[in-house]
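full-length UniProt numbering numbers the first residue of the sequence shown as 1 and each following residue consecutively.
Written out below as structure tokens is the structure these notes cover.
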Amino acid sequence: MDRLHDVVHRIRHARSAHTIGPKDDDSEEAQARRREQVYQAQKRHRNRKAEYLQTLEAEIIRLQHDDAQTSAEKTKLARENAELRALLESCSTDVRPPLTQEVSVDPREAQSNDIDMADVDIHFDPIMHAERTFVAFPATQHSTASSSSTVPSVSAPEPDSWVALDFILALEHPCRGHIQHPGIAPDAHRHEACEIIGIQGHALTTTSAVLASAQSSTEANDLPNHCELKADVKERWRIPYAEVEKLVALSEKLALDDEILTPAQAYAAVRRALPSGTSLQPVLERLKELLAKVVECCGLGTVMKTEVFQEHLSSVLKT
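In structure tokens:
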């Protein structure tokens, strides 16, 4: 009897092994297919996310550029309007042209719009010990043009705005080589982390906003190129004064983070500590030197630890 039970048990075990084996194989194949499906779904999600981010970055840059062009055109029209008003006021009523007659503006006077634009350039900063983006305010040109013309000048940004923008751009120097621009920074390349996921990653930085807002212009050098029998043309990039004020105003409204800060957020923190604006320039200049050593590019822009920033800010305010 015991032998019979043993034989029956062996037969059942053999049958179960025979029937379960293929099911196990099928189960492993199904699991492998599910893993492959999950992997492909995750890959498609990552690709769609990267494409979406690329679209957002391109749209941000396009809007910044279009906004800068609109600001420049607005400034140009305001100046032309002021020139026409000055011309009409200098003439007697009898000689004023009728409204249906076209009024031409001297091209040399129209070129004075350049004084309402700041030059954008990249060169070495001895304080940062690195190359970075500069926005240069042609103060001498502005004063000369204003004194030699009776046309009202479009107001330039406040001095604090120039200091603030320079502070932010200086601290964003670690990202100098990661923000591409065909004319100003053609040698830039994407950060390694951004290269992997296929995005630029710096669309929300102030440097990117400045480069996207830059307008191209050309100027012929005084000395002609006799070999090619034509003047050497140098391309210049400029940003409207209105964009400078806008970028600084937006920076002041940024919320702060308890762990890390961007240079624009750091400026917002300084502005809240010095709401009156007194001694703002020396504080920013001193902070620029101290924070230059602690900022780094995280792939999406320049950041610094909030705790380190607060320590430096406190030490500067005490002196």
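Every residue gets a Cβ at the ideal spot worked out from N, C-alpha and C, and that includes glycine.
Distance, Asp-121 Cα to Gln-310 Cα: Within the sequence shown, the letter at position 310 stands for residue 310. Within the sequence shown, the letter at position 121 stands for residue 121. In this structure, the straight-line span from the alpha carbon of Gln-310 to that of Asp-121 is close to 31 angstroms.
Spell out a yes or no on whether the region 277 to 297 and the region 241 to 253 are touching, meaning 3 or more CB-CB pairs, one atom from each, closer than 8 angstroms. The answer is no - the region 241 to 253 does not touch the region 277 to 297, with fewer than three Cβ pairs under 8 angstroms.
Close beta carbons around His-312, own chain, < 7 angstroms, minus the five adjacent residues each side: Counted from its first residue, the sequence shown places residue 312 at position 312. Correct list, in chain order: Leu-287, Leu-290, Leu-291.
Rounded separation between Gly-183 and Glu-29 - CA only: Translated into the one-based positions of the sequence shown, residue 183 becomes position 183. Translated into the one-based positions of the sequence shown, residue 29 becomes position 29. C-alpha separation (whole angstroms): 55 angstroms.
Tell me whether Asp-166 is buried or exposed, calling it buried when 16 or more other Cβ atoms sit within 10 Å of its Cβ. Here residue 166 refers to the residue found at position 166 of the sequence shown. Asp-166 should be labelled buried.
Under a Cβ-count criterion, where at least 16 other Cβ atoms within 10 Å of its own Cβ denotes burial, should Glu-307 be classed as buried or exposed? In the sequence shown, counting from the first residue as 1, residue 307 sits at position 307. Residue environment: Glu-307 is assigned as exposed (fewer than 16 neighbouring CB atoms within 10 Å of its CB, all protein chains considered).
Quickly, what does DSSP pair Pro-159 with across the bridge? List them, please. Within the sequence shown, residue 159 is the residue found at index 159, counting from 1. Pro-159 pairs with nothing; no bridge assigned.
Looking only at DSSP bridge pairs, what is Cys-91 linked to? Counting from 1 along the sequence shown, the entry for residue 91 is found at position 91. None, per the DSSP bridge assignment.
Cβ neighbour criterion (16 or more within 10 Å) applied to Leu-63: One-based indexing of the sequence shown puts residue 63 at position 63. Under this definition Leu-63 is an exposed residue.
What is the rounded straight-line gap between the Cα of Thr-144 and the Cα of Ala-164? Along the sequence shown, one-based indexing puts residue 144 at 144. Along the sequence shown, one-based indexing puts residue 164 at 164. At Thr-144, the pLDDT of 35 sits below 50, so the modelled position is not reliable; the number obtained from the coordinates is stated separately. One C-alpha to the other measures close to 25 angstroms.
Of the residues Ala-170, Trp-162, Leu-256, the one placed nearest Lys-293, counting alpha carbons only: Stepping through the sequence shown from its first residue, residue 293 is reached at position 293. Of Ala-170, Trp-162, Leu-256, the residue nearest in Cα terms is Ala-170.
CA nearest to the CA of Glu-195, picked from Pro-159, Lys-43, Arg-272, Gly-299: In the sequence shown, the residue the question calls residue 195 occupies position 195. Out of Pro-159, Lys-43, Arg-272, Gly-299, Gly-299 has the C-alpha closest to the C-alpha of Glu-195.
Thr-278: which of Ile-199, Met-128, Asp-160, Thr-302 sits nearest, CA to CA? In the sequence shown, counting from the first residue as 1, residue 278 sits at position 278. When only C-alpha atoms are compared, the closest one is Asp-160.
Quick check: the Cα distance between Leu-87 and Asn-81, rounded to an integer number of angstroms? Locating residue 87 in the sequence shown gives position 87, counting from the first residue. Locating residue 81 in the sequence shown gives position 81, counting from the first residue. Leu-87 and Asn-81 have their alpha carbons spaced roughly 10 angstroms apart.
Residues that Asp-166 bridges to, as DSSP identifies them: Looking up residue 166 in the sequence shown gives position 166. Beta-bridge partners of Asp-166 (DSSP): none assigned.
How long is the line joining the alpha carbons of Lys-74 and Ala-41, rounded to whole angstroms? By 1-based counting over the sequence shown, the position of residue 74 is 74. By 1-based counting over the sequence shown, the position of residue 41 is 41. Inter-residue distance for Lys-74 and Ala-41 is about 49 angstroms (C-alpha atoms, whole angstroms).
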